[in-house]
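Undergrad:
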Ligand code: PMT
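In my numbering, the protein residues as written are 1 to 219.
#1: In the DSSP assignment, the alpha helix (DSSP H) including residue 158 goes from what residue to what residue?
#2: In three-state DSSP terms, what is residue 40?
#3: Tell me which residue opens and which closes the alpha helix (DSSP H) that residue 75 is part of.
#4: Buried or exposed: which applies to residue 83, given that a residue is buried once 16 or more other Cβ atoms fall within 10 Å of its Cβ?
#5: Can you find a heavy atom of the ligand PMT that lies under 7 angstroms from the Cβ of residue 213?
#6: List the whole-angstrom C-beta distance separating residue 97 from residue 40, where the pair is believed to meet the contact cut-off of C-beta under 8 angstroms.
#7: Closer than 7 angstroms: is that where the CB of residue 20 sits relative to any heavy atom of the ligand PMT?
#8: Given the structure, does residue 94 come close to the ligand PMT, in the sense that its CB is under 7 angstroms from one of the ligand's heavy atoms?
#9: Could you say if the stretch 45-58 and the stretch 11-23 meet the contact criterion of at least three C-beta pairs nearer than 8 angstroms?
#10: Rank 95, 152, 137 and 24 by C-alpha distance to the C-alpha of residue 38 and give the top, closest one.
#11: Which term fits residue 1, buried or exposed, when burial requires 16 or more other beta carbons within 10 angstroms of its beta carbon?
#12: Touching or not, the stretch 97-114 and the stretch 169-185, by the rule of three or more beta carbon pairs under 8 angstroms?
#13: Count the other CB atoms within 10 Å of the CB of residue 24; is the residue buried (16 or more) or exposed (fewer)?
#14: Should residue 33 be listed as close to the ligand PMT, given that the test is whether its C-beta is under 7 angstroms from any heavy atom?
#15: Beta-carbon within less than 8 angstroms of residue 205's beta-carbon, same chain only, minus the 5 sequence neighbours each way: which residues are those?
#16: How should residue 141 be labelled, buried or exposed, when 16 other C-beta atoms within 10 angstroms of its C-beta is the threshold for buried?
#17: Quick check: the stretch 73-90 against the stretch 135-150, are there 3 or more CB pairs under 8 angstroms?
#18: Indicate the three-state DSSP secondary structure (helix, strand or coil) for residue 71 in the structure shown.
#19: Kindly indicate which three-state DSSP category residue 15 falls into: helix, strand or coil?
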């Protein structure tokens with residue numbers, strides 16, 4: 001298979017966490033570093049794809065040749081990803097918040113006298129991956145990730161079907177040496193025809209192996 005199969009295509013990647021503001025000083029976030037998604041964007045650009053990277057708040061440098069669009073919240077990521085269509089390929093590696101505060105307090109929320117706690121009302125965010133997969137400008141190939149702490153295959157297969165994507169890369173989170181923040185990972189990639197295990201290994205190498213599978217699907 002040619003490593004140039006992605007040359008000239010438009011590849012759209014999301015990476016990193018989203019931060020959901022509670023008030024001007026507090027937010028709900030997660031442990032995503034952006035390393036997995038940035039490695040995929042870097043590899044796509046090296047293969048000659050016109051690569052757009054929608055990045056949540058991370059501290060990583062922009063890979064060479066990549067058009068980076070920074071966002072903070074799930075709503076901003078949703079708008080940036082859908083606004084970047086059309087694309088030939090969408091790879092959703094971001095860890096998007098499933099819930100966001102119903103309201104952002106204008107001022108810093110103060111502790112009340114006594115030992116009273118604080119109850120936050122959270123509402124669902126829009127599902128970016130599912131919205132890309134059902135969009136009028138749907139990319140030819142939509143690949144999602146599944147971050148799982150248990151039952152990886154069953155949960156990844158469920159997301160593959162429910163979100164109507166072409167491929168899903170499941171990874172274990174909450175264990176050392178894989179998933180969030182680590183330099184290494186193991187990907188269990190599922191599609192309608194079967195599965196592949198990539199790794200364990202560095203996220204840079206896994207990005208190349210994942211794009212080999214993507215390129216093969218596009219031929
Ligand atoms: O960033 P790193 O530190 O390198 O870590 C990599 C990673 C663990 C974040 C990455 O490999 C990964 O698993 N990304 C997906 C994390 C996630 O949010 O998984 P999920 O199972 O909750 O979501 C499934 C899919 O739906 C994902 O493609 C996600 O981007 C997408 N999603 C989820 C919610 C939402 N509102 N919109 C979405 O698009």
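Backbone N, C-alpha and C define an ideal beta-carbon position, used for all residues, glycine too.
Since the model is a prediction, treat every value here as computed from it, not as a measurement.
TA: From the atom records:
#1: By one-based count along the chain shown, residue 158 stands at place 158. That run of the alpha helix (DSSP H) goes 152-162.
#2: Residue mapping note: residue 40 aligns to position 40 of the chain shown, counting from 1. Note: residue 40 maps to helix in three-state DSSP.
#3: Sequence index remark: in the chain shown, residue 75 carries index 75 (1-based). Here the alpha helix (DSSP H) through residue 75 covers 74-83.
#4: The residue given as residue 83 occupies position 83 in the chain shown. So residue 83 ends up on the exposed side.
#5: Numbered from its first residue, the chain shown carries residue 213 at position 213. Flag unset: Cβ of residue 213 not near the ligand PMT.
#6: On the chain shown, position 97 is the one that residue 97 refers to. On the chain shown, position 40 is the one that residue 40 refers to. The Cβ separation is near 21 angstroms, so there is no contact.
#7: Counting from 1 along the chain shown, the entry for residue 20 is found at position 20. Because no heavy atom of the ligand PMT lies under 7 angstroms away, the Cβ of residue 20 does not count as near it: no.
#8: If you number the chain shown from 1, residue 94 lands on position 94. Yes, the beta carbon of residue 94 sits closer than 7 angstroms to at least one heavy atom of the ligand PMT.
#9: yes
#10: The residue you call residue 38 lines up with position 38 of the chain shown. Residue 95 is the option with its Cα nearest to residue 38.
#11: One-based indexing of the chain shown puts residue 1 at position 1. For residue 1, the predicted model reports a pLDDT of 48, less than 50, meaning its position is unreliable; a value from the coordinates is still stated below. Result: exposed.
#12: no
#13: Taking the first residue of the chain shown as 1, we reach residue 24 at position 24. Exposed is the call here.
#14: Looking up residue 33 in the chain shown gives position 33. True, at least one ligand heavy atom lies under 7 angstroms from that Cβ.
#15: Within the chain shown, residue 205 is the residue found at index 205, counting from 1. Here the set comprises 199.
#16: Residue numbering aside, residue 141 sits at position 141 when the chain shown is read from its first letter. Result: buried.
#17: yes
#18: In the chain shown, the residue the question calls residue 71 occupies position 71. In the structure shown, residue 71 sits in coil (DSSP, three-state: anything other than H, G, I, E or B).
#19: Working through the chain shown from its first residue, we reach residue 15 at position 15. Looking at residue 15 - three-state DSSP - the assignment turns out to be strand.
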